[in-house]
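> I'd like to ask some things about the structure below.
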Amino acid sequence: MAASDSDDVIAQAFDEQRGRLVAVASRMLGSRADAEDAVQEAWLKLSRQDATTIDNLAGWLTTVVGRVCIDILRSRKARREVAYDDRVPELLITDDSHGTPEDETALAESVGLALMVVLDTLSPAERLAFVLHDMFAVTFEEIGPIIGKSANASKMLASRARQKVQASPRPAEQRRHERSVVDAFLAAARDGDFEGLLRVLDPGVTWRTHTAHGVEVLVGAPAVATDAQRRARVRGQAHRVLVNGEPGIVAWSTTGIPIGVMGCTVVGDRIVEILSLRDPERLAAMNLPGHPD
């Protein structure tokens, strides 16, 4: 077989595996763009490899993509430890404008987002073992060499990850309650009800806003309430969303330009943390729901 014909066969075989590899990397990394980069790196490694030495191409590619994903996750962790407050977070946003949380589509999307948030708390090895085994039916005998562990050790990692994931889904009743607290916060801000804002804000609440110029941080209910009133005076339209599985909004200007994204963490009856993004360039690049007609 000529070299060009051999290259074509390898390229075709890779294309047949590409969809599965991107799905694996997406679950590992929580970002389609990062997943595509990981799979592209696997292709580059394959193009430099003597394909005749590979007995199981699917397994070889899964191993390469898995190791690339582990390297990316470890790099992220290192960056967080160096400059966590300044890092623009990965925001997973989905529509939450449905009438009730029991709506099957809304609930499925919420569970998907919550899963990604929980996966982000796992170690890279736990995450890979769980994703490959529980989501893609890869055996522990195959997983072990990818993470440098025995099959039994890989099984234990996946088991620990599974326990964390299974404990993560929140009841629909809790979702409804969290949304009601955030809705009360937004209504009080629009009405200029300072006391109403204080009732739904934890005394030590933190509001971290990522802008084009850096991070702005407000601490304490009075400061957050004052800023919420100020921002609510901006004319526009708010659309209910889930931000990393937490209730929030996307704010749109009257001309259809995204002003910001905000997600709230609710504990009990009060908001304890607010995360928002007001970087025009980043917002413009996101596929945000609720664009005004």
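If you want the working numbering, it's the 1-based position in the sequence shown plus 1049.
Glycine is no exception: its CB is placed at the ideal position from the N, C-alpha and C atoms.
In this text the structure is predicted, and so the values were computed from the model without any measurement.
#1: Check Ser1302 in the structure and name its three-state DSSP category.
#2: From this set, Gly1294, Asp1144, Trp1109, which residue's C-alpha is nearest His1340's C-alpha?
#3: Considering only residues of the region 1252 to 1303, which uninterrupted alpha helix (DSSP H) runs meet the minimum length of 4 residues and lie entirely inside it, listed in chain order?
#4: How is the beta strand (DSSP E) around Ser1096 delimited, first residue to last?
#5: For the 8 angstroms Cβ check, are there 3 or more pairs between the region 1176 to 1183 and the region 1200 to 1213?
#6: Whole angstroms is fine: what's the gap from Leu1106's alpha carbon to Phe1189's?
#7: Should Met1311 be labelled buried (16 or more other beta-carbon atoms within 10 Å of its own) or exposed?
#8: Kindly indicate which three-state DSSP category Ala1335 falls into: helix, strand or coil?
#9: For the candidate residues Gly1317, Arg1239, Trp1301, whose alpha-carbon lies nearest to that of Gln1223?
#10: Taking contact to mean at least 3 C-beta pairs separated by less than 8 angstroms, is the region 1297 to 1308 in contact with the region 1249 to 1267?
#11: Short of 7 angstroms in beta carbon distance, which residues of its chain neighbour Val1088, apart from the five on each side in sequence? Order them along the chain.
#12: Considering only DSSP beta bridges, list what Val1310 is partnered with.
In short:
#1: coil
#2: Asp1144
#3: 1270 to 1281
#4: First-last for Ser1096: 1081 to 1096, but that is the alpha helix (DSSP H), not the beta strand (DSSP E).
#5: yes
#6: 18 angstroms
#7: buried
#8: For the record, residue 1335 in the displayed sequence is Met; it is not Ala. Of the three classes helix, strand and coil, the one that applies to Met1335 here is coil, per DSSP.
#9: Gly1317
#10: no
#11: Arg1067, Leu1070, Val1071, Ala1074, Val1114
#12: Val1299, Leu1326
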